[in-house]
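Worksheet: the structure to be examined is printed underneath.
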Ligand code: GDP
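In full-length UniProt numbering, the protein residues as written are 292 to 769.
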């Protein structure tokens, strides 16, 4: 547990300089942006005559159900899948077709509710959870809020069209998140379908399918004619087995908000993906900076249920406010605790908003590196010609030490666009523009999301700046 001197000062409503003086009296030399440990912070707080009370995110987890996540408590959980791909390649059709493969649908009228995610049961009793918002925008927006809920990405590529710009974007978003990709080569019913061409094109993006000697699973499907959907599900389950996905169902529930809205007559409704533990009606919880008590749980078939376990998507009624998609969801013991944590987070959000824009991401990254919290400096590189982009990539990749390295998330020829900003935001990356500029939309987004874009026209300058950032010597650019 740590806190920056500035934040500690803010929370006590004291001047930063006074906090630094107090630290000095106690033999600690610290700057305003330096991070100090909780014990030191407590000492300072007492010296100012306040009563120290630690309320941190991780406290939420302490003393919950009392059950640990030790191996013996872990059971297999269904994989959580997000479908991505180029527009019109069949993402929505595939999600609809997969929805209809559910083997228990007959009894309960099928998966009719659109709550943001659904779970299908396949033959043999295994289950797969699909996130119902296709595309990488939602995926990346979630990741930007710290939620990594996808275990597997299904990349849809139309066999008559091949790899297109958004296919490439999807690949790089999945790779940046280190999520394995299964390729669904769709529309094989079409006369001009060319599966071989798709496999060859995938090679250029380092996705080597099994047929070509690699380990990427690729399944030829038709969403429209419902061909090979069972094979696709088998591939997903096989990949899930390799990933060895497990969770402890016997603990307080923890998960992610997939979507949230206000509905007439129902109040705030959130769809939550449970990741650990089991959520019950009556549980008290915190979702982002909101809290509540579960009044009712409704599954993807519109049924009221009493509980929801790992990897289950469920609608939660009983929120006091509306959280955001990507917010975390945790159950806590008491309403008092829920209020306390939600209040703390609301204050933190306000502080963060106030601080946004004040400092660039590179400096933030630099202080994290200096504090030993970051091990790599992620970058996105855009340039005017292939030659200079390649030169920058190879220069940067050779830089760094055993402790810290530059990680090139994406490099390409062209101006800086919105997709670059979302990627950078989600990975806390720095964007380097070499003889190119950001388009106006990207510029606005970067400003709003405080993504740091740096422009260069000399390769040496790029290398120099990053080397300084890595060694913690970068001068502030305010
Ligand atoms: P999305 O934009 O990726 O969500 O794509 P859609 O699911 O909306 O599909 C785009 C178009 O392709 C629609 O007209 C679908 O009917 C069609 N389509 C989707 N899958 C198939 C398929 O397997 N075969 C054929 N022939 N058409 C398909």
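Glycine included, C-beta positions come from ideal geometry on N, C-alpha and C.
Residue span of the beta strand (DSSP E) that contains residue i, given as start and end
i	result
residue 723	721-725
residue 476	472-477
residue 309	Unbroken run through residue 309 is the alpha helix (DSSP H), 307-316; no beta strand (DSSP E).
residue 674	667-674
residue 419	418-422
residue 404	Segment: none, residue 404 is in no beta strand (DSSP E) and carries neither H nor E.
residue 619	619-623
residue 605	604-610
residue 413	Per DSSP, residue 413 belongs to no beta strand (DSSP E) and is neither H nor E.
Coil, strand or helix - residue i by DSSP
i	result
residue 554	strand
residue 500	strand
residue 391	coil
residue 531	helix
residue 376	strand
residue 561	strand
residue 702	strand
residue 588	strand
residue 743	coil
residue 451	coil
residue 571	strand
residue 298	helix
residue 696	strand
residue 597	coil
residue 637	helix
residue 581	strand
residue 509	strand
residue 446	strand
residue 515	coil
residue 382	helix
Residues near residue i by beta carbon distance below 8 Å, same chain, minus five either side
i	result
residue 679	725, 726 and 750
residue 758	690
residue 358	At residue 358, the pLDDT of 46 sits below 50, so the modelled position is not reliable; the number obtained from the coordinates is stated separately. Within the same chain, residue 358 has close Cβ partners 364, 539, 541 and 542.
residue 598	569, 570, 571, 572 and 588
residue 675	704, 725, 726 and 727
residue 507	472, 473, 474, 493, 498, 499, 500 and 501
residue 320	314
residue 630	582
residue 512	385, 475, 476, 477, 479, 518, 519, 520, 522 and 523
Beta-carbon gap between residue i and residue j smaller than 9 Å
i	j	result
residue 505	residue 548	no
residue 545	residue 579	no
residue 473	residue 530	yes
residue 602	residue 536	yes
residue 640	residue 407	no
residue 424	residue 411	no
residue 464	residue 714	yes
residue 445	residue 523	yes
residue 422	residue 534	no
Residues near residue i in its chain [Cβ-Cβ closer than 6 Å; skip 5 each side]
i	result
residue 754	686
residue 596	588 and 590
residue 667	696 and 698
residue 574	585 and 622
residue 737	712 and 744
residue 558	none
residue 433	617
residue 431	464, 713 and 717
Endpoints, the alpha helix (DSSP H) within which residue i is located
i	result
residue 772	Since the first residue of the chain shown is 292 and the last is 769, residue 772 is not available in this structure.
residue 464	456-467
residue 491	486-494
residue 279	The shown model of the chain, from 292 to 769, leaves out residue 279, and the question about it has no answer.
residue 716	709-718
residue 737	731-739
residue 336	329-338
Burial state of residue i, where buried means 16 or more other Cβ atoms lie within 10 Å
i	result
residue 594	exposed
residue 494	exposed
residue 309	exposed
residue 440	buried
residue 323	exposed
residue 716	buried
residue 748	exposed
residue 394	exposed
residue 583	buried
residue 378	exposed
residue 416	exposed
residue 454	buried
Own chain partners of residue i with C-beta closer than 7 Å, once the 5 adjacent residues on each side are dropped
i	result
residue 484	450, 451 and 478
residue 380	447, 448, 449, 452 and 477
residue 388	514, 517 and 520
residue 684	672, 699 and 702
Interface flag, residue i vs chain D, CB-CB below 9 Å
i	result
residue 318	The displayed structure is made up of one protein chain only, and chain D is not part of it.
Residue i CB to nearest heavy atom of the ligand FAD below 8 Å
i	result
residue 328	No copy of the ligand FAD appears in this structure; the ligands present are the ligand GDP.
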